[in-house]
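Heads up, the sequence shown is in numbering that gives the first Met the number 0, so the first residue is 0 and it goes up one at a time.
The beta-carbon is built from N, C-alpha and C at its ideal position, and this holds for glycine as well.
Small disclaimer: the values here were computed from a predicted structure and weren't measured.
Take a look at the structure below.
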Amino acid sequence: MVIIIINLLLIGAIALFIYKRFVPTKGIRTISTEELKTELKNKDIQFIDVRTPKEFKGNHIKEFNNIPLYDLQKKANELSKDREVFVICQSGMRSSNAAKLLKKMGFENITNIKGGMGAWR
């Protein structure tokens, strides 16, 4: 009986971890790279690439500024909380983490680019 309870708790913990990891955070919009193309001319949007400087130098979208994820918390004050922020990385995972971090820091209008630079054509 004890083993069954422990197994159920373990399964519940794993399910919660997966849910929190993959379900979009409330208040963070997700768009495709195809949808991004229509937004790039919008001067009101702050475009942030959270990849490393080396990755950014190798290939980037010219409208995006490079603020690596590891620097985002200390450089977030360079961004306006009153303007929308679009976040991109290589695959979408780091930008998702960056979007969650920005949300915790009080940014309201955040968009994550699904698939990141790997999906950009």
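Close Cβ partners of R82 (< 8 Å) along its chain, the five nearest in sequence each way excluded: Along the sequence shown, read from residue 1 onward, the residue named residue 82 stands at position 83. Excluding sequence neighbours, R82 sits near D43, I44, Q45, N108.
Neighbour-count burial assignment, P67, 16 or more Cβ in a 10 Å radius: Against the sequence shown, residue 67 aligns to sequence position 68. With 16 or more Cβ atoms within 10 Å of its Cβ, P67 is classed as buried.
CA-to-CA distance, I13 to T110, given in whole angstroms: Translated into positions along the sequence shown, residue 110 becomes position 111. Translated into positions along the sequence shown, residue 13 becomes position 14. Straight-line Cα distance between these residues: approximately 27 Å.
Nearest-angstrom Cα separation, counted from G117 out to E54: Within the sequence shown, residue 54 is the residue found at index 55, counting from 1. Within the sequence shown, residue 117 is the residue found at index 118, counting from 1. Between E54 and G117, the C-alpha separation is close to 12 Å.
Residue from R120, I17, K73 whose Cα sits closest to the Cα of A97: Taking the sequence shown and counting its residues from 1, one reaches residue 97 at position 98. Taking only the C-alpha atoms, the option nearest A97 is K73.
Exposure of G91, with buried meaning 16 or more beta-carbon neighbours within 10 Å: Taking the sequence shown and counting its residues from 1, one reaches residue 91 at position 92. Under this definition G91 is a buried residue.
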